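Protein chains in written order, with our numbering: chain U, 34 to 393; chain F, 33 to 129. Everything below concerns the one structure shown next.
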Amino acid sequence: MTETVVAIGTRKGLWLARSADRERWSMEGPHFVMSEVAAVAIDTREGRSGILAGVKSWHWGPTVQVSEDAGRTWTESAERAVAFPPNTGATLERVWQLTLDPNDAAVVWAGVEPHALFRSEDRGSSYQLVRGLWEHPHRPQWEPGGGGGAVHTILPQAGDPERLIVAMSAGGVYRSGDAGASWAPSNPGIRAPYLPENEYPEFGQCVHKVARGAGEGELFAQSHKGVYRSGDDGATWQSIADGLPTDFGFTILAHPRRAGVVWVVPVTDDRERFPPRAQLQVQRSDDAGATWRMQADGLPAGSYTCVLRDAAALDTADPVGLYVGTRNGDVFASSDEGQSFTRIATQLPDVLVVRAARLP
Amino acid sequence: MPSSPIRVILPGLLRDLAGGVGEIEVTDPAPLTVADVLDRAFSVHRILEGKVRDEQGRIRQHVKVFVNGEDATRTAGTATAVPAGARVHIVNAISGG
Chain U
34 MTETVVAIGT RKGLWLARSA DRERWSMEGP HFVMSEVAAV AIDTREGRSG
84 ILAGVKSWHW GPTVQVSEDA GRTWTESAER AVAFPPNTGA TLERVWQLTL
134 DPNDAAVVWA GVEPHALFRS EDRGSSYQLV RGLWEHPHRP QWEPGGGGGA
184 VHTILPQAGD PERLIVAMSA GGVYRSGDAG ASWAPSNPGI RAPYLPENEY
234 PEFGQCVHKV ARGAGEGELF AQSHKGVYRS GDDGATWQSI ADGLPTDFGF
284 TILAHPRRAG VVWVVPVTDD RERFPPRAQL QVQRSDDAGA TWRMQADGLP
334 AGSYTCVLRD AAALDTADPV GLYVGTRNGD VFASSDEGQS FTRIATQLPD
384 VLVVRAARLP
Chain F
33 MPSSPIRVIL PGLLRDLAGG VGEIEVTDPA PLTVADVLDR AFSVHRILEG
83 KVRDEQGRIR QHVKVFVNGE DATRTAGTAT AVPAGARVHI VNAISGG
């Protein structure tokens, strides 16, 4: 029997929600008590039931924990899983993103703080620095966002292992066409209204999250004051913020099979990081951002929480499940693509990451 | 006559990672520093190395190493001399919320 698992990484540990029908949920945890879990990937490639977690202990530093039995037991490399080489002089602060490569079932990518990309060829146990990005001449000019300076988005291209996109706060979007050996900024059209002179710089935008859509070359981005679509694999970007209650937010999700279907979780403003009119909500577009509609059935009014960049996720079932975690420790699940939500967790520590998948 | 072993005393979480071992003995006739002692202690339990020191060899910000009750970070850090027979406590700082 298949099982849907929702991994909930928080400031003080990891919880796992499980359900056979996406209606009744059981909750287990915490794993990694008192450690921050900012990155999770659920590995179902080749029939696996794997979970990887980027874990940071306040005292004992960051690492990657790996489970091959859906989170029941965990191991970590006795050597450092992710470490900067000595000649970089850098030290790992946090693993912000774990992304499974769709072209090679052994490969896992890690986006980290300070701004860097790592690659694993052993299913996520050990990682090597991607020198092409680390040695990019722009790197000294990449600034830390409010949460720190990190590569927070990694988008491999299924069917073409040479093509790879990363995004970072605050550095913007970069693309590689040679499997990470070299990188070029790709931010035309993404506005940076917080900069004093040039609002359309080559790089330096505080892009909060990028999602790959189902259409050919389709990408969606939530930036710091801006929501965008690209139809040419990130070469250019067009605003799709008209019709939204606000252009600010952190997360963005794209339907895994239907082109043009995208969700954002709007936040009133960078000076007022609450839901618009205190109504927690997602905004959905079915036409690539031309029009938007609010989905809030089951989400609370009178809410002054916030949803962070990785604290929302989709599963791949039909209809798609949508999951949203909040900074005040609630997690809401929808099994009908956002039409209605139920609360599946409450009173957790602030939620940093949510990931969902159907296990074999 | 062999010198008295140095005892490296681990806190709870590190004991779990070291398979329940609470103390590691380090015996070496040469004069040792804190860095030397940690190198030798962690040569068997490799996972402890990444917990106590970052990849550039620095003791992590919220970890303290005491030599016979004295905080090494307030003296010569990892270059602090460790005499034969010393007790080296690894302690997680009292911090967080």
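Each residue gets a CB set at the ideal place from its N, CA and C atoms; glycine is no exception. Quick caveat, the model's predicted, so the values are computed rather than measured.
Cβ pair residue i, residue j closer than 7 Å
| i | j | result |
| --- | --- | --- |
| T410 (chain U) | T301 (chain U) | A query on residue 410 (chain U) cannot be resolved here, the shown segment of chain U reaching from 34 to 393 and no further. |
| V69 (chain F) | K96 (chain F) | no |
| G205 (chain U) | Q238 (chain U) | yes |
| G422 (chain U) | S215 (chain U) | No information on residue 422 (chain U) is available, as it lies outside the stretch 34 to 393 that chain U covers here. |
| A200 (chain U) | A244 (chain U) | no |
| A389 (chain U) | G358 (chain U) | no |
| W91 (chain U) | H94 (chain F) | yes |
| S68 (chain U) | V39 (chain U) | no |
| I41 (chain F) | V58 (chain F) | no |
| S263 (chain U) | V240 (chain U) | no |
| P309 (chain U) | P299 (chain U) | yes |
| T324 (chain U) | R360 (chain U) | no |
| S67 (chain F) | T110 (chain F) | Going by the sequence as given, residue 67 (chain F) is Ala instead of Ser. Yes; because the gap between Cβ atoms is below 7 Å, this pair is in contact. |
| L341 (chain U) | A71 (chain U) | no |
Contact list for residue i against chain U, beta-carbon separation under 8 Å
| i | result |
| --- | --- |
| R106 (chain F) | Going along chain U, no residue has its Cβ under 8 Å from R106 (chain F), so there is no contact; the nearest lies around 18 Å. |
| V97 (chain F) | None at all; the shortest Cβ gap to chain U is about 13 Å. |
| R92 (chain F) | H92, W93, G94 |
| G109 (chain F) | In chain order: nothing, as chain U lies at least about 16 Å away. |
Close-in-space but distant-in-sequence residues of the same chain around residue i (CB under 7 Å, 5 per side omitted)
| i | result |
| --- | --- |
| D134 (chain U) | V140, V141, W142, P189 |
| G259 (chain U) | I223, R224, S272, A274, D280 |
| M60 (chain U) | W48, A50, A378 |
| V145 (chain U) | V115, L125, R127, V128, W129, F151, A183, V184 |
| E232 (chain U) | R224, A225, P226 |
Close-in-space but distant-in-sequence residues of the same chain around residue i (CB under 6 Å, 5 per side omitted)
| i | result |
| --- | --- |
| D303 (chain U) | F281 |
| G104 (chain U) | L49, I84 |
| L49 (chain F) | I79 |
| A346 (chain U) | Y356, V387, R388, A389 |
| Q98 (chain U) | A86, V88, W107, E109 |
| V295 (chain U) | F253, A287, S318 |
| R55 (chain U) | T37, G354, S368 |
| V163 (chain U) | L150, R152, G213 |
| L64 (chain F) | V114 |
| S336 (chain U) | P308, A311, L313 |
Neighbouring residues, chain U, relative to residue i (Cβ below 9 Å)
| i | result |
| --- | --- |
| G44 (chain F) | Going along chain U, no residue has its Cβ under 9 Å from G44 (chain F), so there is no contact; the nearest lies around 11 Å. |
| A125 (chain F) | W91, H92 |
| G54 (chain F) | Near G54 (chain F) there are no residues of chain U at all, since even the closest Cβ is about 17 Å away, more than 9 Å. |
Counted within 10 angstroms of its Cβ, other Cβ atoms place residue i as buried (16 or more) or exposed
| i | result |
| --- | --- |
| R92 (chain F) | buried |
| D343 (chain U) | buried |
| R57 (chain U) | exposed |
Within chain F, the residues that residue i reaches when beta carbons sit closer than 8 Å
| i | result |
| --- | --- |
| P119 (chain U) | E87, Q88 |
Chain F contact residues for residue i, given Cβ-Cβ distances below 7 Å
| i | result |
| --- | --- |
| E112 (chain U) | R78 |
| A116 (chain U) | E87 |
Residues near residue i in its chain [Cβ-Cβ closer than 8 Å; skip 5 each side]
| i | result |
| --- | --- |
| F74 (chain F) | L80, E81, V84 |
| P382 (chain U) | T43, R44, K45, G46, G362 |
Under 9 Å from the C-beta of residue i: neighbouring residues of chain F
| i | result |
| --- | --- |
| G122 (chain U) | Q88 |
Proximal chain C residues relative to residue i, where beta-carbon distance stays under 8 Å
| i | result |
| --- | --- |
| G51 (chain F) | The displayed structure is made up of protein chains U and F, and chain C is not among them. |
* To do: Note down, in chain order, all residues in the segment 125–156 of chain U with a beta-carbon under 9 Å from any beta-carbon belonging to chain F.
  => L125
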